[in-house]
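Scroll down for the structure; my scribbles are underneath it.
Number of protein chains: 4
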Amino acid sequence: MSEIETIQAYYAASLGKDGRITKTQRKILAAALALFSEKGYENVGTREIADCAGVAEGTLFHNFVNKNGILDAIMQPIVQNILPAMLNTLDQAVLDQADQTLTAFIVALVTDRVAFVERNQASLAVILSQFFNNAKDRQAVLQMVSPEVLKQANEVMDRLKAAGELVDWPNRTILQLLFSTLGGYMVEAVLYPQLTNRDTQQTINHLSDFLVNGLSPRRMPLHVD
Amino acid sequence: MSEIETIQAYYAASLGKDGRITKTQRKILAAALALFSEKGYENVGTREIADCAGVAEGTLFHNFVNKNGILDAIMQPIVQNILPAMLNTLDQAVLDQADQTLTAFIVALVTDRVAFVERNQASLAVILSQFFNNAKDRQAVLQMVSPEVLKQANEVMDRLKAAGELVDWPNRTILQLLFSTLGGYMVEAVLYPQLTNRDTQQTINHLSDFLVNGLSPRRMPLHVD
Amino acid sequence: MSEIETIQAYYAASLGKDGRITKTQRKILAAALALFSEKGYENVGTREIADCAGVAEGTLFHNFVNKNGILDAIMQPIVQNILPAMLNTLDQAVLDQADQTLTAFIVALVTDRVAFVERNQASLAVILSQFFNNAKDRQAVLQMVSPEVLKQANEVMDRLKAAGELVDWPNRTILQLLFSTLGGYMVEAVLYPQLTNRDTQQTINHLSDFLVNGLSPRRMPLHVD
Amino acid sequence: MSEIETIQAYYAASLGKDGRITKTQRKILAAALALFSEKGYENVGTREIADCAGVAEGTLFHNFVNKNGILDAIMQPIVQNILPAMLNTLDQAVLDQADQTLTAFIVALVTDRVAFVERNQASLAVILSQFFNNAKDRQAVLQMVSPEVLKQANEVMDRLKAAGELVDWPNRTILQLLFSTLGGYMVEAVLYPQLTNRDTQQTINHLSDFLVNGLSPRRMPLHVD
DNA sequence: TATGAATGAGCCTTCATTCAT
DNA sequence: CATGAATGAAGGCTCATTCAT
């Protein structure tokens with residue numbers, strides 16, 4: 001599991017490394033995160049952010065060039081970490097175990113991601129919103145995901161298929177089903193935190209069970225007339 | 001399956017009934033739909049819509065009161081039809097068959113929804129965007145889904161559970177997994193139509209297979225250490 | 001006292017003469033009068049007038065050319081009658097009496113005007129508003145007062161001065177003081193009808209007494225150090 | 001007499017105290033005052049004000065929040081000073097003299113107000129216009145006059161009545177007649193400055209004479225048949 | 001004559017951004 | 001570095017007016 005899983009932690013860590021993130025910047029990012037996740041990027045003004053952060057409006061532009069720069073600073077760390085961290089989890093789950101089962105693998109993944117979502121609700125809400133908001137922003141989000149990461153993902157899936165633990169569908173299809181299930185959970189957790197099942201362990205069980213059954217190799221194929 | 005599944009068809013039908021939707025209104029809605037789905041609601045000006053529709057700016061307000069009125073006119077028919085149509089499909093699938101199997105049920109549902117998504121890409125993109133954009137709009141979207149519909153959904157699931165065809169989890173959980181899988185497909189199809197698998201039948205097979213395996217009653221429960 | 005002292009009466013009379021004012025026009029004028037007097041000409045839209053009158057918006061322009069045409073139709077009758085009627089009153093008061101006293105004169109005038117104001121509150125509110133609203137409208141109001149009328153006013157005052165009943169100041173000054181006193185009453189009555197003294201007779205007495213004492217010829221001039 | 005009797009002087013004074021009124025604000029207020037008094041608040045656009053003041057349109061809103069904020073900034077100082085200053089004049093006139101006569105009192109008041117009007121023509125035109133324009137604005141104007149001021153006014157009048165110098169009518173009636181006479185003068189001076197008698201001293205004499213005679217206690221009441 | 005959909009100029013206001021202090 | 005007054009383009013919306021029906 002990646003060590004840095006929260007926005008705050010991320011910036012704290014960056015600060016520790018080379019002091020790039022100042023106290024002023026953190027105040028601004030915290031204010032912007034709260035406002036963006038509540039009202040949407042387009043519906044929050046720079047004045048509002050400045051007021052809420054307790055700084056002057058000009059300070060925003062000194063530190064982040066653009067209003068969009070603030071958004072980037074919020075999204076980047078998450079987007080750049082979410083997938084690598086996920087893959088790392090997969091990898092560890094497979095490598096650490098003597099017998100590489102889909103079950104162990106899925107459970108590890110789900111457990112990891114559920115925890116991640118619970119820790120980064122606000123940022124994820126912003127990212128989701130941006131992702132769906134318009135074609136240009138969507139491109140930007142996707143380009144943050146490096147091709148390197150996809151290669152790793154394919155390797156993991158191929159290994160499981162070779163072990164007879166994963167259904168023999170295209171990796172792309174499997175990835176999409178995986179993302180759908182985890183994404184569906186994320187959406188509910190992020191948008192309706194108060195409605196979501198509080199019993200985290202049960203949630204993990206259901207998601208895992210569903211995925212394992214859905215993605216195990218079939219003994220007999222589905223018959224459609 | 002509902003007869004009216006496309007925005008255009010919907011308005012045409014309304015027009016046939018009582019002439020409520022005029023030619024002008026349709027021109028505006030078509031222009032707005034194209035622009036909103038491409039650039040996002042907030043990034044499209046009323047002037048732009050008017051130009052693109054070939055009418056004066058004032059005409060927008062004459063016909064839809066608000067910029068937001070245009071959005072509503074785009075979203076309402078879809079939102080109010082998407083879930084009822086889905087349930088209707090479920091119901092028919094269960095009732096029409098002598099032996100009520102989960103397979104028949106899921107296949108019918110998936111087939112129906114895949115077709116629906118392919119026919120309403122643009123509108124769905126707008127709805128997705130709005131849904132994630134901010135808390136207030138999200139509320140509006142959800143309130144368009146009547147409680148009546150949820151009651152019907154529960155009845156269908158209860159019937160399948162009684163027949164020993166559906167895993168014995170809370171309906172809420174099952175519904176969420178169902179939505180996740182279909183939603184994940186929808187998101188891909190809507191946002192990246194050019195990347196999506198063109199082989200519709202195969203897509204339906206994979207989604208159905210995944211869901212049937214994932215939601216069938218377990219012979220032996222998942223074992224977690 | 002002039003026979004036509006109310007807007008409604010005026011239009012009814014016009015209608016009787018040559019049928020110029022139709023039922024539609026009266027509905028429009030009634031609605032416009034109510035709205036203008038409450039919210040001010042600029043703050044009332046043509047749509048609002050049309051709705052309130054129960055006609056289509058286009059009908060307003062068929063009947064009155066302009067939004068301004070409606071205003072004119074409301075103001076004209078009052079403005080063109082207010083001064084002539086006033087002078088007529090003065091004249092009658094002076095001519096009817098064997099001994100032409102200022103008292104009889106003032107009492108007649110005040111009685112007449114108080115009654116007039118009480119009958120035409122709404123229209124007067126509109127006229128007042130327009131009068132003060134901007135220089136151009138003010139010009140328009142004043143040009144509705146014909147020079148003929150002013151000549152008559154001067155004749156009346158000269159006659160009273162000759163009879164030793166009126167202070168020997170310029171007619172302009174006397175007229176202004178007269179208007180001030182009556183105007184002040186009018187403003188209060190028109191703008192705060194609920195606050196105004198309900199005892200009409202006492203009001204008349206005070207106004208008359210004040211004017212008679214103020215405008216009688218002085219036995220000894222005011223001494224200022 | 002209050003020391004601050006002109007808009008310009010007022011703002012200059014405020015500026016002196018704590019620098020609240022900036023040069024930019026004064027430019028805007030001057031431009032707005034000129035335009036409002038000429039064409040009426042509703043008929044002046046914010047663009048026009050900005051152009052005329054030599055600033056950007058946004059600057060208006062930066063400094064006064066609203067178009068209405070500009071109006072308030074013009075009206076407030078006058079409205080809040082006009083009545084207090086008037087009462088102060090009354091008070092001084094009565095207290096300063098050994099023998100408290102109505103004459104001295106009225107002359108002081110009239111002299112003071114005539115001077116005030118001549119100095120604040122433009123602002124008064126705006127205030128008059130607003131006052132008559134619609135019910136809501138009228139309320140706003142009246143609420144600017146504190147009840148404290150009315151109490152003082154009553155005290156002054158009671159003192160003069162006790163000294164046998166003032167007619168024994170309700171204070172409300174006396175106040176209304178006083179306001180009518182001064183208001184009538186003001187209206188003429190404000191709306192038709194070029195028509196108004198330039199001989200200020202004579203104007204003061206006529207107004208004073210008229211008021212003193214009109215408001216002195218009667219030796220014999222007016223007889224009406 | 002009456003209608004009301006269509007018009008488009010103009011309105012007030014918001015907002016990200018700049019820059020002198 | 002931080003400030004916040006100034007900017008002006010762009011925004012949504014109102015409104016009197018026109019005109020085909």
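The listed protein sequences derive, respectively, from chains G, H, U and V.
For the first sequence, the UniProt record's numbering assigns the number 1 to the initial residue and increments by one for each residue that follows.
For the second sequence, the UniProt record's numbering assigns the number 1 to the initial residue and increments by one for each residue that follows.
For the third sequence, the UniProt record's numbering assigns the number 1 to the initial residue and increments by one for each residue that follows.
For the fourth sequence, the UniProt record's numbering assigns the number 1 to the initial residue and increments by one for each residue that follows.
Don't be surprised by glycine CBs; every beta carbon is placed ideally from N, CA and C.
Measuring only the C-alpha atoms, how far is residue i from residue j?
i: Asn68 of chain U; j: Asn43 of chain V; result: 14 angstroms
i: Arg113 of chain U; j: Leu60 of chain H; result: 51 angstroms
i: Ser2 of chain H; j: Thr103 of chain H; result: Per-residue confidence for Ser2 of chain H stands at a pLDDT of 35, beneath the threshold of 50, marking its modelled position as unreliable; the derived number appears in the next sentence. Ser2 of chain H and Thr103 of chain H: Cα-Cα distance of roughly 21 angstroms.
i: Gln139 of chain H; j: Gln194 of chain G; result: 14 angstroms
i: Phe132 of chain U; j: His62 of chain H; result: 34 angstroms
i: Glu155 of chain U; j: Phe105 of chain U; result: 14 angstroms
i: Ala73 of chain U; j: Phe64 of chain U; result: 8 angstroms
i: Gly184 of chain H; j: Asp51 of chain G; result: 38 angstroms
i: Phe210 of chain U; j: Leu71 of chain V; result: 37 angstroms
i: Ala30 of chain U; j: Ala115 of chain H; result: 59 angstroms
i: Asn66 of chain V; j: Gln76 of chain H; result: 36 angstroms
i: Leu160 of chain H; j: Leu33 of chain G; result: 44 angstroms
i: Met186 of chain G; j: Ala85 of chain G; result: 16 angstroms
i: Ile110 of chain V; j: Leu175 of chain U; result: Note on identity: in this sequence residue 110 of chain V is Val, with Ile being the wrong assignment. Spanning the two alpha carbons is a distance of roughly 19 angstroms.
i: Thr46 of chain V; j: Ala135 of chain U; result: 19 angstroms
i: Leu35 of chain H; j: Ile49 of chain H; result: 7 angstroms
i: Trp169 of chain U; j: Ser180 of chain U; result: 16 angstroms
i: Lys17 of chain V; j: Lys23 of chain V; result: Caution is warranted here: a pLDDT of 39 is assigned to Lys17 of chain V, below 50, making its placement in the model unreliable, and the coordinate value is therefore given only provisionally. Lys17 of chain V and Lys23 of chain V: Cα-Cα distance of roughly 15 angstroms.
i: Asn120 of chain G; j: Ile78 of chain G; result: 9 angstroms
Under 8 angstroms, Cβ to Cβ, is there at least one residue of chain H near residue i?
i: Tyr10 of chain G; result: Residue confidence for Tyr10 of chain G is low, a pLDDT of 44 falling below 50, so the modelled location carries little weight and cannot support an answer.
i: Lys67 of chain G; result: no
i: Val181 of chain G; result: Sequence check: residue 181 of chain G is Thr here, not Val. Yes, because at least one Cβ of chain H sits closer than 8 angstroms to the Cβ of Thr181 of chain G.
i: Thr173 of chain G; result: yes
i: Asn213 of chain G; result: yes
Using a Cβ-Cβ cut-off of 8 angstroms, state whether residue i counts as contacting chain G.
i: Gln176 of chain H; result: yes
i: Lys161 of chain H; result: no
i: Gln139 of chain H; result: no
i: Leu191 of chain H; result: yes
Closest by CA to residue i, which one among the options?
i: Glu38 of chain V; options: V:Phe179, V:Leu128, V:Leu166; result: V:Leu128
i: Leu150 of chain U; options: U:Leu90, U:Ser208, U:Glu165; result: U:Leu90
i: Ala162 of chain G; options: G:Val212, G:Leu211, G:Pro217, G:Ala122; result: G:Pro217
i: Ser146 of chain V; options: V:Gln80, V:Ala34, V:Val55, V:Leu178; result: V:Gln80
i: Glu148 of chain G; options: G:Lys136, G:Leu83, G:Arg172, G:Val141; result: G:Leu83
i: Leu177 of chain U; options: V:Leu182, V:Ala122, V:Thr173; result: V:Leu182
i: Gly54 of chain V; options: V:Gln25, V:Glu165, V:Arg198; result: V:Gln25
i: Ser123 of chain G; options: G:Asn205, G:Ala189, G:Ile21; result: G:Ala189
i: Glu118 of chain U; options: U:Lys27, U:Trp169, U:Ile204, U:Thr22; result: U:Ile204
i: Asp199 of chain V; options: U:Asn120, U:Thr101, U:Thr173; result: U:Thr173
Determine, using beta carbons only, whether residue i comes closer than 8 angstroms to chain U.
i: Lys151 of chain V; result: no
i: Met75 of chain V; result: no
i: Ser146 of chain V; result: no
i: Glu118 of chain V; result: no
i: Asn43 of chain V; result: yes
i: Gly164 of chain V; result: no
i: Glu57 of chain V; result: no
At a Cβ threshold of 8 angstroms, is residue i touching chain V?
i: residue 249 of chain U; result: A question about residue 249 of chain U goes unanswered here, because the residues of chain U that appear run from 1 up to 225.
i: Glu188 of chain U; result: yes
i: Phe105 of chain U; result: no
i: Leu71 of chain U; result: no
i: His206 of chain U; result: yes
i: Ser129 of chain U; result: yes
Comparing the CB of residue i with every heavy atom of the ligand SAM, is any distance shorter than 7 angstroms?
i: Ala34 of chain G; result: The ligand SAM is not among the ligands present in this structure, which contains no ligands whatsoever.
Return the Cβ separation of residue i and residue j in integer angstroms, given the expectation that the two are a contact with Cβ distance under 8 angstroms.
i: Gln130 of chain H; j: Tyr41 of chain H; result: 6 angstroms
i: Asn171 of chain G; j: Gly214 of chain H; result: With 8 angstroms as the limit, Asn171 of chain G and Gly214 of chain H do not qualify as a contact, their Cβ atoms being about 19 angstroms apart.
i: Ala153 of chain H; j: Leu87 of chain H; result: 6 angstroms
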